[in-house]
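Take a look at the structure set out below.
The following block contains the structure:
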């Protein structure tokens, strides 16, 4: 981990696989997720046969500064959680296990608070 440009919080990059709810039909898709500083990038992963977007294409890139994270009760996806961005946009994701969900929740909360701390300096 390296220090930020202003000598503040270190910027970490973490990657993993999550399921991401997309579209009007609430379809769950496999996505490769990267969190670097306050930037969350969601990339297409898994089979894409017959789709116009190739595997590895960026689906979503957002700033998680000031976001909140909330566990969701198991319904269609166990280990689900919701990320509510500062602009009230909601991202619905699901991890492979409870431990992985807790790890992502902690990482996102840390990124949100550290980014807000840097912005206030």
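Numbering (full-length UniProt numbering), first residue to last: 1 to 121.
The C-beta atom is built at its ideal place from N, Cα and C for all residues, glycine as well.
All of these numbers come straight from a predicted model, not from anything done at the bench.
Counted within 10 angstroms of its Cβ, other Cβ atoms place residue i as buried (16 or more) or exposed
{"i": "residue 96", "result": "exposed"}
{"i": "residue 33", "result": "buried"}
{"i": "residue 40", "result": "buried"}
{"i": "residue 89", "result": "exposed"}
{"i": "residue 58", "result": "exposed"}
N- and C-terminal bounds of the beta strand (DSSP E) containing residue i
{"i": "residue 96", "result": "Looking at the DSSP string, residue 96 is not in any beta strand (DSSP E), and its letter there is neither H nor E."}
In DSSP terms, what residue i is bridged to
{"i": "residue 92", "result": "82"}
Other residues of its chain near residue i: CB distance less than 7 Å, five sequence neighbours each side excluded
{"i": "residue 107", "result": "14 and 35"}
{"i": "residue 60", "result": "42"}
Own chain, CB closer than 8 Å to residue i, minus 5 neighbours either side, in chain order
{"i": "residue 27", "result": "21"}
{"i": "residue 79", "result": "94, 95, 96, 97, 98, 100 and 101"}
Where are the beta strand (DSSP E) runs, 3 residues long or more, that stay fully inside the region 9-85, in chain order? Residue ranges of uninterrupted beta strand (DSSP E) with 3 or more members, entirely inside the region 9-85 and ordered along the chain, are 13-22, 27-36, 39-44, 58-63, 68-71 and 80-84.
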